[in-house]
Structure formats: C-alpha cells, structure tokens
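Chains as they are written, first to last, in the working numbering: chain A, 56 to 442; chain B, 317 to 578. Structure first, commentary second.
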Amino acid sequence: MGLAFYLAFKEVWRNKGRFLLVSLVIALITLLVLFIAALGEGLGTNNREYISKLDGQLVVFLEKSDYIITASRLRQSTLRAVRRVEGVDDAGPVSTSNTAILLPPGSKNEVLKVSLLGVEAGRPGFPQLTAGRTFLSSTAREVIVDQRVLDRTDIQIGDTITIRSTQGVEDNFYDLKVVGTTSGQAYFFQPSIFVTPAVWEKIRPKSDAELGNTVPAINIIVVRVKDPAQIEQVRNNLLESVKNIEVADIQTTINNIPGYTAQQGTVQTQGGFTLLIGILVIGGFFQIQVLQKVPQIGVLKAIGASNPVVGAAAVIQISLVTAFGVAIGGVLTWLFSLGFPPTVPLFFNGTASALALAALLAIGPLGGLVSVIYAVRIEPLKALRLS
Amino acid sequence: MSVLVHSSMPSVFTENTVQAKPIALEVRNVVKTFPTDSGPINAVDDVSFSVRQGEFVALVGPSGSGKTTMLSILAALLTPTSGQVLIDGQDLAKMNERERVRLRREKIGFTFQSNNLIPFLNALENVELMLRLNNRLDKAGRMRSAELLARLGLGERLYNLPSQMSGGQQQRVAIARALIHAPTVVLADEPTASLDTERAFQVVQTFAALIHENDRAGIMVTHDLRMCQYVDRVLQMRDGKLVRVYETREEILALARGGEHE
C-alpha cells in the first residue's frame, strides 16, 4: 500500500498542472451537483417546510380529496368529531390561502406574497414561536410571521402590517398587528403568516359565492396521537368514527402537495445526470491517461511491481484527484452561495450535501474503474514490445 | 566498413576465473512455439546454455533469430513451451504468476531498449524504486543508490527527471536500477539501440565492469556486434537455435571487429 501511495502521489505531484486541470473539472461538477442538490432541497423545503414541522402525526382530509390540501374542505363538526376519537391527544384545524403584505413606499417590491394560514393557538398546526406571544383572542387582528418575512422586509414585532385580499371583485385591505415570530415555516414556496381561523375567514381572498361565509373553512385537521406507537390504530379509529374523511401521515401529505413529487423527481434526475456526466468525463480522462502510460506500467510490471500495487496506485491517484476536486468544488459552492439573494431557494441541508459529496467522491473511482482494470491487465511483454 | 573497437578494454574474467563461480542461470532444452496462420513455429528451438556468477554474456543474432524471445523467457515474462530455465536453482516453469513477479522483483535486474525509466521519478528515485519494490529501502540503500549513480557519472543528476537527461544518461540510470537490489541475473535488451556509438561503448563498458565487480550473471541482447568486445562469451542464435558460442578472447574480438549485425 505504501508503494502504491508513493507512486500515485509522486505522479500527481510531478504532473500538477495536468491533474489540477482534472481536479478543476471535478470541482465544476461538484459545484453543479451541490447547487442542484441545494436547489432541490430549497425548493422542497419551501414547499413542505410548514407541513414537515407539524406538531402531529396524522392529517385528516375530506374523503376523495386524494390527500390534496387545497382540494379538502372540512366542517367544524368534523373537527369536533376528530377530537373525540379514542387515541387522539389533540387536533387542530389548518386553513390555507395566499395573500400579499403591502410594503411601504420606497421598498424594492410593492408587496410580499405570503401563505396565509389559519390556525388555533396552542393546537396542532400552530407554529412554534421564536419571539413574541400568541394571539390574545380568537378574533384579535393579530398575526405571527415567519422569520423570512422579517428578513425580506423592515417589519418587526409590534408593527402593523396591511394585507391585500381580493374578495369577490374588490380588493380589500386589512391591518394586522405583528405579535410573534416563528422560523422555517415556508409553505407552497412562500413564507407563512398565521392568524386565528376566525380572522383567516374574514380576511382571506374569496370568490363571490363565498362572500357570505362566516364559519371558517378548514382544509385539513392535524392530529396529535396520545401514543405515537399506536398511529395505525388511531388512523383506523378515525376512519371508523368520523364520516367522509381520509387520513394520511405527514410524509404522504407532503408527497401529495401539488407538484412536489414531480419537482423533486426532476431535480433529482438532473443531479443524477450530472453525476453520470462526471463519471464519463473522469472515466474518459483516466482511460486516456492509462493508454498513454502503457509502456510505463509495462516497465513497472517487468521489474516486479505486482498487479495489486499497480491497481491500488491507480485507485489512490484517482481518489486523490477526485477528493481534491471535490474539496475545491465545496469551497467554490460555499463562496457562490454567499452571493445569492435570499429569494433563490438554495438550502444546504447537511444530509443532502453529505450524500451529494459521497456520490461525488465515488464518481472518481467509479469513472476510473475501467482504466484501473485496463492498467491491471496490461501485459509487460506487450507493453514493452519485447517480442 | 569502418570497425571501431574501443581502446580502453574492461577487465574481462578469464575462462578459469569464471568457471570457478557457481552457475546463476541455466537454460535446458528450451523451446518456445508460437501459433501462426501457416502453422506453429519455434521462435526458440531446443536452446541450452548456462551463465555463471560474474559472467557477462551477449546474445546475438539477426532479426527474428529468437534472441528477444529468449530474453523474455529468461526475464520470466514468457513461459517456455518446453524445457527448463533455472535461476539460482529455481525452475521458472514451476512457478505461478505471483511467484514469477516476485522472482522478477528479487532476482532479476532489467534494462530495456527505451522507455526504461518511470518518467515522474527522478534518477535517484528510479534507482531506489527497486529497493522500495523489495521493501528494502533504508538510509544505507539510499546512500548506495546515490553512490552507484555517482559511479556511473550521474552524481550531478540525482534529482533530474528522465525528461531532463540524455538517452545515455537514462540508460545509465537504468543500469543502476538493474543492479541496486543485488539480483542474481541482469538482463539488458538492446541497451545501446537508442545511443550514439561513443555513448553506446561507454554504457556497455560500464555495464560490464559492474557485472564483473558485483558478481552478477549478465546477459545482453544486442544486434551490434561491436559491443561484444566487453563480454566474456557470445551466444549466437539463428532461426531460434543456438548456432555458435564464441568463448575465447580472440574469437570474440574477431566477431566484434565484424561490426553491426546485418
């Protein structure tokens, strides 16, 4: 192993320019793969973040809504029924909509588009506060905002914000006092703001037909079970006890967010193809290099270097160059990420990045596999053209 | 045709001195057959000879005479169809590939026509490589490598890469590499093929001197008969057969005066 490392390192060191070039190609592939991974994670996070952090294990939908949040409409009576089911610790309504916060004159944009979520304080579905307080009453014109809203505006706790809501054919404006903040609560690619169900029903965008509604519509009910080991049992209890519902776990709910699965599949396919291109590029380079080194490998074998030494030297060399390239790519990615605006959904998740890095480190040896096998199979007699 | 015989002759072992040494390499009735479109041909045909320690032997013959095939068999790079090759009493035919690799590493020193050196290692590292391969590189080994290179006139070139050295200098590095691990047999395949005449004489003369000093069995394949003046014996091959052995100084010098093989 020592000899293999010695040969691999010496060759790289004495041909720094050539190997640096390959490392830079690997660095660019790394940059691309990490950005695609971060973009996939960012898009996914912006889509599912609120749902993935729900303080519950099960989500109740209207029957035949196919677990699509926007297609599900539940009654208040259903909420009460769910709360009575055996094994249910608590249940909270979640109502979803979109709205826009008006920004003061002079701001870069006129409005900031947000997800408007109606939730009951302290119930499943209510976000964890990072600052401020919860709603004083169910009808208080108060709002809890995602940290991203604060990051993108000058809004602070205690400020009053104005939201614009199209109701019927009119644009109506509602003032809400910011009383608390939460973080990491994006939903449907937008930061979320939270109000009580009653306020949500009052201020949400409505069609003409909905203008008379006063009872808050509920999209989904988040259920926290008493014993997390009994989720399936509680799910069955819900389906038996409450009519016209279907029940999903959190992951199923996320997967059925419109476009989520297709979007993640697209991004993952892009990442996969980038890795494949990386394998082909690296494989091609090392294959050409081995072809150029046939006489040299022939000499090594003729003077007594064993196949394991020749093979290990090739693998170590490929790994060294790949690791260096991935390291440069990692640093480049970090530097580039500093320059991106917060609106670009890049999210460097530890697990996703580690997986991408592991895949990148594997593409070198994988791409160079053919060249390693070729090097091991070189016959010194033919390589040296002795006969 | 002008015949050049080098003026400064190396010390050549006398017949009696050589015969007192043990046999390092023995070839017994070796045959190597290759299949061809027109039927099998014997590239080496029932060849037998032996080389003693401290003896430098030239293997000569025209192109296609089988000398390079013979050398490849001696180097354990090619297995004979029949017959025996014994190095230090070990039969190459009875060895598996792993044992042959080990034999090449430990008991054989090799110089080739060209592409001799590892291009990314400097002169000293190329020589030390044989010690590394044998897991014998230590401080003393490093010193011996540097001394051997200095002896070959490369004391100022220790840290030069092959690309920074002339063909003659590279051949001398290869000679040092072939000798540094004290092999039983040292094989040289056309060591002067890429050198000019003056360099060629220098290289072979030095090679011969080191073979004799270090008591190695040396075999050089050459098409240049002028180089035979530095060897103790000449084996002449034709059509795969060993057709003549030149053993006396007079015979060898007469052959050397004959010039390059046609």
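The C-beta atom is built at its ideal place from N, Cα and C for all residues, glycine as well.
List, in chain order, every chain B residue whose beta-carbon is nearer than 9 Å to that of Leu58(A). The residue given as residue 58(A) occupies position 3 in the first sequence. Going along chain B in sequence order, the residues near Leu58(A) (Cβ under 9 Å) are Leu445, Arg448, Leu449 and Asn451.
May I ask which residues mark the beginning and end of the beta strand (DSSP E) holding Ala375(B)? Translated into positions along the second sequence, residue 375(B) becomes position 59. It is Leu, not Ala, that sits at residue 375(B) in the sequence shown. Where Leu375(B) is concerned, the enclosing beta strand (DSSP E) stretches over Phe372 to Val376.
Proximal residues of chain A, C-beta to C-beta of Arg420(B) below 7 Å: Looking up residue 420(B) in the second sequence gives position 104. Near Arg420(B) (Cβ distances below 7 Å), the residues of chain A are Ala357, Ile358 and Gly359.
Chain-ordered chain B contacts of Arg69(A) [CB-CB under 9 Å]: Here the question's residue 69(A) lines up with position 14 in the first sequence. Chain B residues near Arg69(A): Pro435, Phe436, Leu437, Asn438 and Leu477.
Kindly indicate which three-state DSSP category Glu256(A) falls into: helix, strand or coil? As a position in the first sequence, residue 256(A) is number 201, starting the count at 1. Looking at Glu256(A) - three-state DSSP - the assignment turns out to be helix.
Beta-carbon separation of Thr215(A) and Leu231(A) under 8 Å? In the first sequence, counting from the first residue as 1, residue 215(A) sits at position 160. In the first sequence, counting from the first residue as 1, residue 231(A) sits at position 176. Yes, the Cβ-Cβ distance between Thr215(A) and Leu231(A) is below 8 Å.
Can you pull the chain B residues whose beta carbon is under 8 Å from the beta carbon of Val354(A), in chain order? Taking the first sequence and counting its residues from 1, the one referred to as residue 354(A) is at position 299. Those are Phe428, Asn431, Asn432, Leu433 and Ile434, listed as they occur along chain B.
Suppose you measure from the CA of Leu393(B) to the CA of Glu506(B); what does that come to, to the nearest Å? Here residue 393(B) corresponds to residue number 77 of the second sequence, with the count starting at 1. Here residue 506(B) corresponds to residue number 190 of the second sequence, with the count starting at 1. Going from the Cα of Leu393(B) to the Cα of Glu506(B) covers about 17 Å.
Cβ-Cβ distance between Leu468(B) and Ala498(B) below 8 Å: Here residue 468(B) corresponds to residue number 152 of the second sequence, with the count starting at 1. Here residue 498(B) corresponds to residue number 182 of the second sequence, with the count starting at 1. When the beta-carbon positions are compared, Leu468(B) and Ala498(B) stay at least 8 Å from each other.
Starting from Ser379(B), find everything on chain A with Cβ-Cβ shorter than 8 Å and list it in chain order. Residue mapping note: residue 379(B) aligns to position 63 of the second sequence, counting from 1. Per Cβ cutoff of 8 Å: no residues; Ser379(B) is ~12 Å from chain A at best.
Return helix, strand or coil for Ala392(B), following the three-state DSSP convention. In the second sequence, the residue the question calls residue 392(B) occupies position 76. Coil.
Could you list which residues in chain B have their beta carbon closer than 8 Å to that of Tyr61(A), in chain order? The count along the first sequence starts at 1 and reaches residue 61(A) at position 6. Close to Tyr61(A), with beta-carbon spacing below 8 Å, are these residues of chain B in chain order: Arg448.
How should Tyr562(B) be labelled, buried or exposed, when 16 other C-beta atoms within 10 angstroms of its C-beta is the threshold for buried? Translated into the one-based positions of the second sequence, residue 562(B) becomes position 246. It is buried - the Cβ of Tyr562(B) has at least 16 other Cβ atoms within 10 Å.
Take the Cβ of Asn274(A) as the centre, count every other Cβ of all protein chains shown within 10 Å, and call the residue buried at 16 or more, exposed below. Residue 274(A) sits at position 219 when you count from the first residue of the first sequence. By the neighbour-count criterion, in which a residue is buried when 16 or more other Cβ atoms sit within 10 angstroms of its Cβ, Asn274(A) is buried.
Candidates Val520(B), Leu511(B), Val401(B) and Gln369(B): which alpha carbon is nearest Met536(B)'s? Residue numbering aside, residue 536(B) sits at position 220 when the second sequence is read from its first letter. Residue Val520(B) is the option with its Cα nearest to Met536(B).
If contacts are defined as beta-carbon pairs under 8 Å, then Leu511(B) and Gly484(B) qualify, I think. What distance do you get, rounded to the angstrom? Here the question's residue 511(B) lines up with position 195 in the second sequence. Here the question's residue 484(B) lines up with position 168 in the second sequence. Leu511(B) to Gly484(B), Cβ: 5 Å. Contact.
Can you look up Arg448(B) in the DSSP assignment and give me helix, strand or coil? For the purposes of this step, residue 448(B) is taken as residue 132 along the second sequence, with counting starting at 1. Assigned with DSSP and collapsed to three states, Arg448(B) falls in helix.
Tell me whether the segment 75–94 of chain A and the segment 383–390 of chain A touch, counting them as touching only if at least three CB pairs, one residue from each stretch, are closer than 8 Å. Contact between the segment 75–94 of chain A and the segment 383–390 of chain A is present, because at least three Cβ pairs lie under 8 Å.
With DSSP run on the structure shown, which of helix, strand or coil describes Glu529(B)? Taking the first residue of the second sequence as position 1, residue 529(B) is located at position 213. Correct three-state label for Glu529(B): helix.
Using the Cα positions of Arg554(B) and Ala359(B), report the straight-line distance between them to the nearest angstrom. The sequence position of residue 554(B) within the second sequence is 238, counting from 1. The sequence position of residue 359(B) within the second sequence is 43, counting from 1. Between the C-alpha atoms of Arg554(B) and Ala359(B) there is a straight-line separation of about 10 Å.
Considering only the alpha carbon of each residue, which of Gly97(A), Gly353(A), Glu225(A) and Leu335(A) lies closest to Pro260(A)? The residue given as residue 260(A) occupies position 205 in the first sequence. Taking each of Gly97(A), Gly353(A), Glu225(A) and Leu335(A) in turn and checking the Cα distance to Pro260(A), the smallest one comes out for Glu225(A).
Would you identify the three-state DSSP class for Gln131(A), choosing helix, strand or coil? Stepping through the first sequence from its first residue, residue 131(A) is reached at position 76. Gln131(A): helix per DSSP, three-state reduction.
Decide yes or no for the touch test of the segment 169–187 of chain A against the segment 324–331 of chain A: beta carbon pairs closer than 8 Å, at least 3 of them. Counting Cβ pairs under 8 Å, fewer than three are found: no touch.
Check each candidate in Leu421(A), Leu331(A), Thr125(A) and Val345(A) and name the one with the smallest Cα separation from Ala430(A). Reading the first sequence from its first residue, position 375 is the one you call residue 430(A). Between Ala430(A) and the set Leu421(A), Leu331(A), Thr125(A) and Val345(A), the nearest pair of CA atoms involves Val345(A).
Which two residues bound the contiguous alpha helix (DSSP H) that contains Tyr61(A)? Looking up residue 61(A) in the first sequence gives position 6. Following the DSSP letters along the chain, one finds Tyr61(A) inside the alpha helix (DSSP H) bounded by residues Gly57 to Arg69.
Which of helix, strand or coil DSSP assigns to Gly353(A): Walking along the first sequence from the start, residue 353(A) turns up at place 298. Gly353(A) falls in the helix class under three-state DSSP.
Is the Cβ of Val417(B) closer than 8 Å to any Cβ of chain A? If you number the second sequence from 1, residue 417(B) lands on position 101. Against chain A, the CB of Val417(B) has a partner CB under 8 Å away; the residue lies at that interface.
Give the interface partners of Ala498(B) over in chain A, defined as CB-CB distance under 8 Å, in chain order. As a working mapping, residue 498(B) is identified with position 182 in the second sequence. Neighbours of Ala498(B) across chain A, judged by C-beta separation under 8 Å, do not exist; the nearest C-beta is about 14 Å away.
Do you know offhand how far Lys257(A)'s Cα is from Gln318(A)'s? Counted from its first residue, the first sequence places residue 257(A) at position 202. Counted from its first residue, the first sequence places residue 318(A) at position 263. The alpha-carbon separation between Lys257(A) and Gln318(A) amounts to approximately 33 Å.
Applying a beta-carbon distance threshold of less than 7 Å, which residues of chain A neighbour Leu394(B)? Reading the second sequence from its first residue, position 78 is the one you call residue 394(B). Chain A residues near Leu394(B): Leu436.
Which partner residues does Val280(A) have in the DSSP bridge list? Translated into the one-based positions of the first sequence, residue 280(A) becomes position 225. Answer is Val143(A).
So, at 6 Å on beta carbons, what are the nonlocal neighbours of Pro546(B) in its own chain, with the 5 sequence-adjacent residues on each side left out? Walking along the second sequence from the start, residue 546(B) turns up at place 230. Note on identity: in this sequence residue 546(B) is Tyr, with Pro being the wrong assignment. Contacts found: Pro326, Val520, Gln521 and Ala524.
Taking CB distances under 8 Å as the criterion, tell me whether Ala340(B) reaches chain A. Here residue 340(B) corresponds to residue number 24 of the second sequence, with the count starting at 1. Not an interface residue.
Thr100(A) versus Thr237(A): straight-line alpha-carbon distance, rounded: As a first step, residue 100(A) must be located in the first sequence, where it is residue number 45. As a first step, residue 237(A) must be located in the first sequence, where it is residue number 182. Thr100(A) and Thr237(A): Cα-Cα distance of roughly 15 Å.
Residue from Gly267(A), Gly223(A), Leu89(A) and Leu109(A) whose Cα sits closest to the Cα of Phe402(A): Counted from its first residue, the first sequence places residue 402(A) at position 347. It is Leu89(A) whose Cα lies nearest to the Cα of Phe402(A).
With DSSP as the reference, identify every bridge partner of Tyr11(A), one or two as the case may be. Absent from the model: residue 11(A). The displayed extent of chain A is 56 to 442, so no value can be given.
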